[in-house]
Ligand SMILES: *Cc1c(COP(=O)(O)O)cnc(C)c1O
């Protein structure tokens, strides 16, 4: 049996006509930039995230970059974040001349450890940037407490967590800003790049909207120097089609995760993903921890099963961040996760037989 790590072909086959119709609509309207689909998607995302406003942007990376820019983060500033994430999180801080200050992760969830954050605050700290990794929100209550005490912004990197909940509150709605990605393999993925910034603060929303369009609040008047971070109308139109299916797809991912959990429950070698009791994960990834991760991955490949490694190396050991001066041993939990984490296929279209086959092979490797 062949089980690819990720495939979009079934999903796109099922909604092919709807997608083509949406693309045709944009082609006929000729409104390629800031078209009605962009505004409609913004309204729908603001609703979904229980926020006042949403601003469509060109990618998840640009959602981070545009919000950090609009919040005035720059040279001399520090932003506290996790080293166990995709490069874009710390990369966006770095690109603005600010310093990413890493804090280690929790042993169970892969998310930033809130108890370690206050120890990293200095008089240069301007913001905390937690990441909701693999679909589960980082513990925001203690993070918001530290932020409040030290007057810091909280920017949620919710690229992998659209629709995730914590204590009944939506990802992106608890901090000052939430950043989302529509990269094709995210739970809501476009036919290319796209992203969204959400906020409960209408003034901030206006600033983000200006920053995505060369710092312009009104035609031919530029208040700030920014960039072009716009979301294409074509992407927004396709995303509106897919948004109609998101709830069902996410429910299927969650059901797949529960099934894996059951199948691995008797395995000593496999540590299944921990989800805190007040969290509702959308399972953008299903990430187990195992010994001999790389050998297992190779074994699975021979059995026709794809898998993914997120993230190695831990960002504090990445070459591009060498100037930050971190060394091996600085963030032991993140380094351990980088050695042990393996993502298994979790997409909504997986069949029961495929899930059982994957679990059987994983267990077989350790038998
Ligand atoms: C995908 C992702 C991003 C970047 O999103 P793009 O749309 O690919 O630019 C940022 N942070 C995290 C945690 C991500 O998973």
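Residue numbers (the working numbering): 744 to 1110. Glycine included, each C-beta is placed from N, C-alpha and C at the ideal position.
In chain order, what residues of the same chain lie with their CB nearer than 7 Å to the CB of residue i, ignoring the 5 residues before and after it?
{"i": "residue 982", "result": "784, 925, 931, 933 and 937"}
{"i": "residue 1080", "result": "827, 848 and 853"}
{"i": "residue 867", "result": "819, 820 and 821"}
{"i": "residue 768", "result": "980"}
{"i": "residue 772", "result": "778"}
{"i": "residue 1047", "result": "744, 745 and 746"}
{"i": "residue 1057", "result": "826, 827, 1074, 1077, 1078 and 1081"}
Should residue i and residue j be called a contact, given that it needs their Cβ atoms to be closer than 8 Å?
{"i": "residue 918", "j": "residue 897", "result": "yes"}
{"i": "residue 923", "j": "residue 812", "result": "no"}
{"i": "residue 818", "j": "residue 1067", "result": "no"}
{"i": "residue 701", "j": "residue 1102", "result": "Residue 701 is absent from the model: the chain starts at 744 and stops at 1110."}
{"i": "residue 1010", "j": "residue 1106", "result": "yes"}
{"i": "residue 841", "j": "residue 820", "result": "yes"}
{"i": "residue 747", "j": "residue 877", "result": "no"}
{"i": "residue 798", "j": "residue 1031", "result": "no"}
{"i": "residue 915", "j": "residue 902", "result": "no"}
{"i": "residue 908", "j": "residue 766", "result": "no"}
{"i": "residue 1021", "j": "residue 921", "result": "no"}
{"i": "residue 810", "j": "residue 1042", "result": "no"}
{"i": "residue 777", "j": "residue 964", "result": "no"}
{"i": "residue 979", "j": "residue 780", "result": "yes"}
{"i": "residue 762", "j": "residue 755", "result": "yes"}
{"i": "residue 871", "j": "residue 839", "result": "no"}
{"i": "residue 948", "j": "residue 796", "result": "yes"}
{"i": "residue 1025", "j": "residue 906", "result": "yes"}
To the nearest angstrom, how far is the alpha carbon of residue i from that of residue j?
{"i": "residue 1073", "j": "residue 751", "result": "38 Å"}
{"i": "residue 857", "j": "residue 757", "result": "42 Å"}
{"i": "residue 892", "j": "residue 885", "result": "11 Å"}
{"i": "residue 971", "j": "residue 957", "result": "6 Å"}
{"i": "residue 1097", "j": "residue 1051", "result": "17 Å"}
{"i": "residue 770", "j": "residue 782", "result": "17 Å"}
{"i": "residue 1087", "j": "residue 966", "result": "47 Å"}
{"i": "residue 1044", "j": "residue 1037", "result": "11 Å"}
{"i": "residue 904", "j": "residue 791", "result": "12 Å"}
{"i": "residue 879", "j": "residue 1023", "result": "7 Å"}
{"i": "residue 1059", "j": "residue 836", "result": "14 Å"}
{"i": "residue 1054", "j": "residue 1084", "result": "8 Å"}
{"i": "residue 1104", "j": "residue 1033", "result": "13 Å"}
{"i": "residue 759", "j": "residue 990", "result": "18 Å"}
{"i": "residue 1109", "j": "residue 808", "result": "43 Å"}
{"i": "residue 1013", "j": "residue 1035", "result": "11 Å"}
{"i": "residue 859", "j": "residue 846", "result": "6 Å"}
{"i": "residue 986", "j": "residue 786", "result": "12 Å"}
{"i": "residue 862", "j": "residue 1099", "result": "44 Å"}
{"i": "residue 814", "j": "residue 913", "result": "22 Å"}
{"i": "residue 874", "j": "residue 998", "result": "23 Å"}
{"i": "residue 984", "j": "residue 793", "result": "20 Å"}
{"i": "residue 1064", "j": "residue 753", "result": "39 Å"}
{"i": "residue 1039", "j": "residue 855", "result": "27 Å"}
{"i": "residue 804", "j": "residue 988", "result": "24 Å"}
{"i": "residue 946", "j": "residue 1027", "result": "31 Å"}
Would residue i be called buried (16 or more neighbouring beta carbons within 10 Å of its own) or exposed?
{"i": "residue 825", "result": "buried"}
{"i": "residue 942", "result": "buried"}
{"i": "residue 1018", "result": "buried"}
{"i": "residue 961", "result": "exposed"}
{"i": "residue 975", "result": "buried"}
{"i": "residue 899", "result": "buried"}
{"i": "residue 1077", "result": "buried"}
{"i": "residue 832", "result": "buried"}
{"i": "residue 745", "result": "exposed"}
{"i": "residue 1094", "result": "exposed"}
{"i": "residue 775", "result": "exposed"}
{"i": "residue 693", "result": "With the chain represented from 744 up to 1110, any question about residue 693 goes unanswered, as that position is not in the structure."}
{"i": "residue 800", "result": "buried"}
{"i": "residue 1001", "result": "exposed"}
{"i": "residue 869", "result": "buried"}
{"i": "residue 1075", "result": "exposed"}
In its own chain, which residues sit with a C-beta less than 6 Å from the C-beta of residue i, not counting the 5 before and 5 after it?
{"i": "residue 1005", "result": "none"}
{"i": "residue 1091", "result": "992, 995 and 996"}
{"i": "residue 882", "result": "857"}
{"i": "residue 944", "result": "none"}
{"i": "residue 802", "result": "936 and 938"}
Once the 5 residues before and after residue i are set aside, which same chain residues still bring their CB inside 8 Å of it?
{"i": "residue 864", "result": "823, 889, 893 and 895"}
{"i": "residue 749", "result": "928, 1049, 1051, 1088 and 1090"}
{"i": "residue 887", "result": "897, 917 and 918"}
{"i": "residue 1061", "result": "830"}
{"i": "residue 968", "result": "957 and 958"}
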